[in-house]
Each structure stands twice: as C-alpha cells, then as structure tokens.
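Be aware that the sequence shown starts at 0, since it is given in numbering that gives the first Met the number 0, and climbs by one per residue. Even glycine gets a Cβ: it sits at the ideal position worked out from N, Cα and C. Here the structure is a predicted model, which is why all the values come from computation and not from measurement.
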Amino acid sequence: MKPVGPIGVETIRAARSRIADSAIRSPLLPLDVPGAPAEVWVKLECLQPIGSFKLRGATNALALADPAVIARGVYTGSAGNMAQGLALAARRLGVPCRVVVPDTAPRNKLEAIARLGAAAVPLPFDEWWEVLCDHGHPNEEGHFVHPVSDPGVIAGNGTVGLEIVEELPDVSAIVVPYGGGGLSCGIAAAVGAVRPGVPVFAAEIETAAPFAAALHAGCPVRIRHTHSFVDGIGSTRVLDEMWPLASVSLTGSRVVSVKEACAAIRMLFERGRVVAEGAGGTAVAAALKGLPGIDEGPIVAVVSGGNIDAAVLRMIVEGYVP
0 MKPVGPIGVE TIRAARSRIA DSAIRSPLLP LDVPGAPAEV WVKLECLQPI
50 GSFKLRGATN ALALADPAVI ARGVYTGSAG NMAQGLALAA RRLGVPCRVV
100 VPDTAPRNKL EAIARLGAAA VPLPFDEWWE VLCDHGHPNE EGHFVHPVSD
150 PGVIAGNGTV GLEIVEELPD VSAIVVPYGG GGLSCGIAAA VGAVRPGVPV
200 FAAEIETAAP FAAALHAGCP VRIRHTHSFV DGIGSTRVLD EMWPLASVSL
250 TGSRVVSVKE ACAAIRMLFE RGRVVAEGAG GTAVAAALKG LPGIDEGPIV
300 AVVSGGNIDA AVLRMIVEGY VP
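Below, the structure written as structure tokens:
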C-alpha cells in the first residue's frame, strides 16, 4: 500500500468544521495523583456519543466520500470502536453499514454495533487483521473506510490535538494509545503545526506492542499477539503504510503491563468516576509511569474510549486483573 503522507493542519481544521455537529469537544481535566513523576491531565474521549474518539474520524471520512459511492453501503474492519463510529455516521446519512470484527471482540461492543444498526461479520483475528492490511475483504461490497490509514480518518482524529493545545497551551507532552497509529499520528500532526517541539508518545500494552518492536528493529516486524481485555489496541505488526508517518511523527513508545493498565483504570474510576477501556487506561498508565525527558509536565494522556465490558470493569475495580 502507498505510504500515508503528512496531514496538514488546515486539513484538520476543515475536519473540525465537518464534525462539529457530531462529536463533542471532550473535557480536558487535571488528574490528582500524589507521587506522579509529572503533572498529568486526561483528555476524556470516552465521553463521546459512542464512548470513543473514533466518531471523529469516521464522520469526517464519510463527509469527504462521494455520496453516490457510499449510497451502496459502507464497511470497515474494527474491534468495536471504529465500528460504532462508522455505524452512527452511516445511520445519520441513511446508508447501510457492515463491520468485519475479530472473533475476540467483546460482547458489549458487538451489542453496540447492532444497536446502531450495523451488521457485524466475525473473523478469526489473523484473518481480520488481513482486512486492515489489504484495505478490504473480497466478500464485502460497498465503500471501505480504513479505521487507521484513511487520511480523512486521521484528519478527524487530529482534531483532538487542536483541542489539547488550545485548552492547555503549556502542555509539555502528550501520550496516546497506539492501535494502528491513526489517532497518535493525527494528534501529532495538529500539535506539531501549532506547538512545534511538543512530543507525542505512543502508549502500548505488553501483550501486543508492535510499534515499540518496529522502533527497536528500524522497520515493521511481526510480533506475538497475546489476547487480553485490552482489545482496542495491539496487533501483530505495524501497518506498512503507517510506518513512515508514525516513525517520524511520534517520539517513542511507552509499554505498560496489563496490571499497570488495570491500576490506571481503577484509579480513574475511583477518583474521577471516569470509565476507561483498556486502551485509555494504557495511556494513563504510561503517563503515570513517566516519559523520557519529561520531568515536570503537564502531560496529557488521551483516554481514547470507555467501552469496557461491565463484568471486566467490576473485576478491575475489585482489584483483580482480568
């Protein structure tokens, strides 16, 4: 696939205008954690109408698409959040939507897909990942919206970065969950244009950290993916088309353990009454762990979503690791 090119800030600003009636300007709040290595703030994308930032990119991508093309239907490959974002955006436009999901997708996300009027098509994880690599599936019809590398999706995601630097001009670093790079690279594009020099770090989970492995090797490499409750991020390999952009846009990767992600989710719930899913907890855990070269802050951790299964959240709040 052709490498994804740089996303200009004017493209991101235009995306903000397109999605203004669909996505909220999510809260940016300080997090009081005694003993933290730096001042930490949280960007609560878990409060979007679908419980995830994915609504931003999905809405912008469909707004840019040819109406005659998407009239036949749209589809994507998603573990759950992009599925919901595209389903809601498609429903508002009155077009049918299907979603190819991994067979490990949690029940609560599958229920949300159905509630929004989309059809879920489950595949084994490796086959599902091929849909993202191949930009589509031979058995599916309609307009494919890539959940990561579609430029319209990345631009929509970048609106998160604009909001952060506008509300917290002295931000010293931003840490973002890394699933495929669409959110982190979009934020980095916006921040790099408005506040050059502010580093954007990827946050990954130890059970599947392909970006950290690629940085170590100097190119995308295949890694072992171990399934965990952190289902919104993690894969077997960095997408080839995203590597050139991610490798220059992002300062590095901070890998945290499943236990650390659970501790962050528990802390957000108990202290802030914030419900974060595994990916969002991973970013907060990385910020609380500390970022190289960042001694004071403020650091912003992007809580990318809150679509966590209720039974899993209950286990975490009770002190267990699912």
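Tell me, please, which residues DSSP counts as bridged to Cys-45. Cys-45 pairs with nothing; no bridge assigned.
Roughly how many angstroms separate the alpha carbons of Ile-49 and Gln-83, rounded to a whole number? 6 Å
Pull up the distance between the alpha-carbon of Ala-117 and that of Cys-96, whole angstroms please. 5 Å
Measure how close the beta-carbons of Ala-282 and Ala-202 come, nearest whole angstrom, since I'm counting them as under 8 Å. 4 Å
Look up Ala-224 in the DSSP assignment and say whether it is helix, strand or coil. Here the sequence assigns His to residue 224, which means Ala is not the residue at that position. It is coil, neither helix nor strand.
Specify, as a first and last residue, the run of the beta strand (DSSP E) that Arg-75 falls within. Note that residue 75 is Thr in the sequence shown here, rather than Arg. Taken as a continuous stretch (DSSP letters only), the beta strand (DSSP E) holding Thr-75 covers 73 to 76.
Does the stretch 178 to 189 come within contact of the stretch 142 to 154, defined as at least 3 CB pairs closer than 8 Å? yes
Mapping DSSP to helix, strand and coil, what is Ser-183? helix
What runs of the beta strand (DSSP E), each 3 residues or longer, lie entirely inside the stretch 214 to 287? 251 to 255
Short of 7 Å in beta carbon distance, which residues of its chain neighbour Val-94, apart from the five on each side in sequence? Order them along the chain. Ile-69, Ala-70, Gly-72, Val-73
What are the residues that DSSP puts in a beta bridge with Phe-340? The chain is shown from 0 up to 321; residue 340 falls before or after that span and cannot be answered.
Which stretch, first to last residue, makes up the beta strand (DSSP E) that contains Pro-121? 118 to 122
State the start and end residues of the unbroken alpha helix (DSSP H) segment that holds Arg-106. 106 to 114
Who does Leu-30 pair with in a DSSP beta bridge? Val-39
If the criterion is Cβ atoms closer than 8 Å, does the pair Leu-131 and Leu-238 meet it? yes
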